[in-house]
Each structure stands twice: as structure tokens, then as C-alpha cells.
Amino acid sequence: MASEDRVTRAGTPERWSRIVTYKPNADGRVEGVRDDGFEDSSLVHEVAWQVIHRDAAEAWRQVHQGLKSPLYYHMVANLLNPQMLAREVGMWTWRVRRHFRPGVFAALKPAMLQKYAGALRLTVQELASIPPEPPPVDPPSPGTGG
Amino acid sequence: MQIPFRHVQGAHCETATIAALLQHQGLQVNEPQVFGVGSGYFFAYLPFIKVTDKKFPLVTFRAQPGAILKNVGRRLGVKWHDVTFKDPAKAMDALDRSLDAGIPTAVQTGVYWLPYLPGAFRFHFNAHNVIVYGREGDEYLLSDPVLAEPVRCSRADLQRARYARGDMAPNGRLYYPAVVPRQTDLRGPVRAGLKDACFNMLKIPFPLIGVRGIRRLAKVVQGWPRRLGPEMAALNVGHLVLLLEEIGTGGAGFRFMYGAFLGEAAGILGIDGLSDASRRLTAVGDTWREFALLASRTCKGRKVVERPYDRLAELLRECADREQAIFRDVQALLRRGAA
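Residue numbers (the working numbering), protein chains in the order written: chain R, 1 to 146; chain U, 1001 to 1339.
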């Protein structure tokens, strides 16, 4: 399960197929029924994933230009922030942030890379590289942000 | 090996898990009853707790995770075996042992690390409950109450999910009912649950909780476009929709499920007035849905009404007023029923 699953595919990922909700039946008693869910909240998912894809693409660009280490991209692609990543690996946040610097990251010991790779469920090779192409950015839908 | 276990899809992971575990041990309770007896119904707007990348205020429609388990145990006389582990290997061993003993066991997991869930639901949330009911080699058989069918998950993935870090970290927590009463009189527990819900919604002297919390949220939502700017305001209402509809609430932030419980309670306690309350609460659920509908469209930037944020606030106030009336009536009915 590489992070690529989530952010390198365009569009909104699939949702639950059906959910259970409780609705009154013919006698007026409320009971559980399968339901196709609340369709309009898929609009919210579209907007949320546009933001996620936009952030991931921006992170990819920064790593590609050599401003940030690949670790930074994998953090963003896994919907984490520095505080969360620091807790996953059990280190201080400032130390994790420091590892976003390409030079510092390149000098990390294998044990440290293994720690990050384990936390992000990546191999060390995957951790040390980024995908060849930037993650797709969804075309903004008409009227977004209004 | 595999324990014969009936998978049931539920509306909410915590209540569905508890109901399924108790049913497996022979105690006939359904999901709304667990939700009601466990005092799950709640509302709180907590702007000082930020969720999802520390960007959005926490709005919750239910009691804190774990509260339902505790209340159900106390009121129905169920003793839970409920433990956490420092060492992941020990946590997996304990799970294996309890499966070997033929006990379907619930584990707390971080949803992000469960590979079988659909992509849109990979977000970092650490209090998701799943029942493990068997193992074949390196794969575990899981009954995830939010899915229609049972699923499989590898040992490594399950271990990662049981050791997600961050807020509400599971720490390898697992639980199952150790002592289950043969049969139980639901009247006392149902009454206690109803009383708790009335107290939580009406009486807590803090302006962010209960119906007062809903009114406060209305006021804040109205100010979002001015205070946060159009983009952040849109994302904030979108986040509200997710909390209300998408994170296993059974729709409309548990209002539909509690409507079902009020109907059950009418039968159990023999108080007809509660059926009326049940219908009215389901109707309030529809208004919450109307709110969610307008909120989703606003988030997407579709113009449906003039000044959408004012309309959203209006809908919230309407929900608050109607819920206040319903729970006042429930309180009165309980008092009369007791006399």
C-alpha cells in the first residue's frame, strides 16, 4: 500500500457503496435500512480531494526542484502534518522538520530511514524517491471558492 | 480457523460493534438500543480542539469514544475485557489467543491504515472499531460494521492500524464481553439512557454543549465568510457535512438512529408519548439533512440561495429549538411515567 494509491489518481476516490440509516417504515416504526447514502456530500469529497491533490502537487514540485526532501512529499501525500508524522515515529517535531531539508535527509542513517519507511508503510527506496510525474491536479469546478 | 459469526452492517462502528458482540453472546439488543442505553446522543461545538490537520473546529454529535461501551456495560451488567498493550507483538498474540478461545474480539484501529477501505475514507481517525472473528494463516477475517460484507486484512496491516499514533491512539486496544447476563430487563437501562440524553442536551451549564452548543455553532457559521474568507469558510462547512453525514453517524448526525431508539423506548417503557417524540426527532433529522445539503452545495460553490451562511445558521437554530422541545417533552414523560 504505497502512498501513490491515494494521490496519483485523478478525481475523487470511491466512497462506501451503501450505508445503513434509520428511517420510519409503513407502520411509523423507525428501523435500519440500507441506503445509498447522502449523495450530496460527495460534493464535499470532490472539494476536499481537490485540496489534497493541490497540496500533494505543490509538495512534489518543491521536492522536484530540490527545495525539500522526499520525506516531505510522502508526509503530504499521506495526509499528515509534521506534528502527526513526529508522533508516528516518536521523535520531536523540530527533528522531523529538519529532515525535510534535502541535505540533512541525504545524510540520514539507514536505521532512521527505516523508521520513517515503517511508519509510512513504504520501502526505503520508495521513501527516498518521489514518483516520476507530479500527482494530477483536478480541474477547478465552475464556481469553486465562491 | 474461523468463529461462526454473523456479520451485520451498522450505522456507526462503536454501537454496531457492541451490539454484534453482545448478540453473539446471546444478549438480544440492537444497534439503536445500544446507542440509547449507552447515552450516545450528544452535541458539542469545541473550537479549541482542532481536527483534520489541525485546521477545523471539532463538532461532535455523539458522546466521546468509549463512553457508550462504559455505559452499556454498567447499565446492562456486561463486564468488558478491555486492554491495551505497549508491545505490538504482545497485542497481536493476545488477539490470536482470544480467537483461539473462540471469542470474536473487537480491536480499535486507525482507519487510514486499513487497506480494504475505499480510498475516500483514508483519513487519520484512530477510534474505528472492527471485530476480528477468525484467522487464516497470515490473514485476519474482519467484520467491519461500516461495510456490507466481511473482509480480510493482513497481519502487518492490522498491526499497523492497531498502532496508529496521534490523537486517541489505539495502543493495540482490544475488547470483548467477558461476562454477559443471561437476560436483562431493559426498562431501567433505557430510562437511564433517556435521562442522560435529556441532561446532556438541556442542562449542562456550558454554552458549547447541547442545544446551546447548536445555537452557538449557528452564530459562528454565520460569521465564517467574514472571519475566514470565502475559501476557508467553504472548507469549514464542508467539514461540518463530513462530521454530520460521513463518519458513520447513520445520517444526520445520529438523529435518525436516536429516533429509532425513542420508538424502541416507547415499547419497552410502555410510554406512548415517546413514539411521538421518535417521529419528531426523525423530522429534525430531515432538517439536519437539509442543512447538510445546502452546506455541501455551498462548499462546492454552487449558489442556491442568497446569503447561504445566514440560511445555514437559520436551519441550525431551527434544529436547536425543535430538539429542545422534544427533550423537554421526553423529560416530562419520564417524570409522569415514574409517578
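Backbone N, C-alpha and C define an ideal beta-carbon position, used for all residues, glycine too.
Computed from a prediction, not measured in an experiment: that's the story for all the values here.
How many angstroms separate the CA atom of Val1107 (chain U) from the CA atom of His1024 (chain U)? Taking the Cα positions, Val1107 (chain U) is about 16 Å away from His1024 (chain U).
Cβ neighbour criterion (16 or more within 10 Å) applied to Ala1234 (chain U): Label assigned to Ala1234 (chain U): buried.
Going along the chain, which residues of its own chain have a beta-carbon closer than 8 Å to the beta-carbon of Thr123 (chain R), five neighbours each way excluded? Ala117
Closer than 8 Å, CB to CB, is Lys23 (chain R) near chain U or not? yes
Measure from the C-beta of Ala1011 (chain U) to each C-beta in chain R and report whether the shortest distance is under 8 Å. Interface residue, yes.
Proximal residues, the region 1013–1040 of chain U versus chain R, C-beta separation under 9 Å: Of all residues in the region 1013–1040 of chain U, Ala1016, Asn1030, Glu1031, Pro1032 have a Cβ within less than 9 Å of some Cβ in chain R.
Report the partner residues of Leu1174 (chain U) according to the DSSP bridge assignment. U:Val1083, U:Val1107
Counting only beta-carbon separations shorter than 8 Å, does Leu79 (chain R) have a partner in chain U? Residue-level contact by beta carbon holds for Leu79 (chain R) and chain U, with a gap shorter than 8 Å.
If you drop the 5 nearest sequence neighbours on each side, which residues of the same chain put their C-beta closer than 8 Å to that of Thr1287 (chain U)? Leu1315, Glu1318, Cys1319, Arg1322
Report yes or no: do the region 1005–1017 of chain U and the region 1139–1158 of chain U share at least 3 C-beta pairs separated by less than 8 Å? yes
How many Å lie between Glu4 (chain R) and Leu1046 (chain U) at the Cα? Any reading at Glu4 (chain R) must be qualified, since the residue scores a pLDDT of 43, below 50, and its modelled position is unreliable; the value itself is stated next. So the two alpha carbons sit approximately 34 Å from each other.
Taking the alpha-carbon positions, what's the Ala1101 (chain U) to Ala1091 (chain U) distance? Here the alpha carbon of Ala1101 (chain U) sits roughly 16 Å from the alpha carbon of Ala1091 (chain U).
Start-to-end residues for the alpha helix (DSSP H) that takes in Arg1226 (chain U): Segment 1210–1241, the alpha helix (DSSP H) holding Arg1226 (chain U).
Show which residues of chain U have a CB atom less than 8 Å away from the CB atom of Met112 (chain R). Contact of Met112 (chain R) with chain U by beta-carbon distance below 8 Å is absent, the smallest such distance being about 17 Å.
Spatially closest choice to Val1132 (chain U) from U:Arg1335, U:Arg1155, U:Ala1164, by CA coordinates: U:Arg1155
Which residue comes first and which comes last in the alpha helix (DSSP H) that contains Ile1268 (chain U)? 1255–1269
Output the distance between the C-alpha atoms of Arg1336 (chain U) and Val1034 (chain U), rounded to the nearest integer angstrom. 24 Å
Could you check what DSSP says for Lys1300 (chain U) in three-state terms: helix, strand or coil? helix
Is any beta-carbon of chain R found at less than 8 Å from that of Phe1005 (chain U)? Judged by the 8 Å Cβ criterion, Phe1005 (chain U) is not in contact with chain R.
Listed from N- to C-terminal order along the chain, which residues in the region 49–70 of chain R have their beta-carbon within a distance smaller than 8 Å of any beta-carbon of chain U? Trp49, Val51
Of the listed residues U:Lys1086, U:Leu1294, U:Gly1188, U:Pro1308, nearest to Leu1269 (chain U) (C-alpha basis): U:Gly1188
How many Å lie between Gly1073 (chain U) and Ala57 (chain R) at the Cα? 48 Å
Only counting runs of 4 or more residues, tell me where the alpha helix (DSSP H) segments fall wholly within the region 1011–1063 of chain U, in order along the chain. If one requires a minimum length of 4 residues, the alpha helix (DSSP H) runs lying completely within the region 1011–1063 of chain U are 1013–1024, 1031–1037, in chain order.
Buried or exposed, going by whether 16 or more other CB atoms sit within 10 Å of the CB of Asn25 (chain R)? exposed
Which residues in the same chain as Ser141 (chain R) place their Cβ atom closer than 6 Å to its Cβ, once the five residues preceding and following it in sequence are excluded? Model confidence at Ser141 (chain R) stands at a pLDDT of 49, short of 50, so the residue's coordinates are unreliable; what they give is reported in the following sentence. Excluding residues within five positions, none has a Cβ falling inside 6 Å.
Between the Cα of Asn1278 (chain U) and the Cα atoms of U:Arg1173, U:Ile1326, U:Leu1228, which residue gives the shortest distance? What sits at residue 1278 (chain U) in the sequence shown is Ser, not Asn. If we check each option's Cα against that of Ser1278 (chain U), U:Ile1326 comes out closest.
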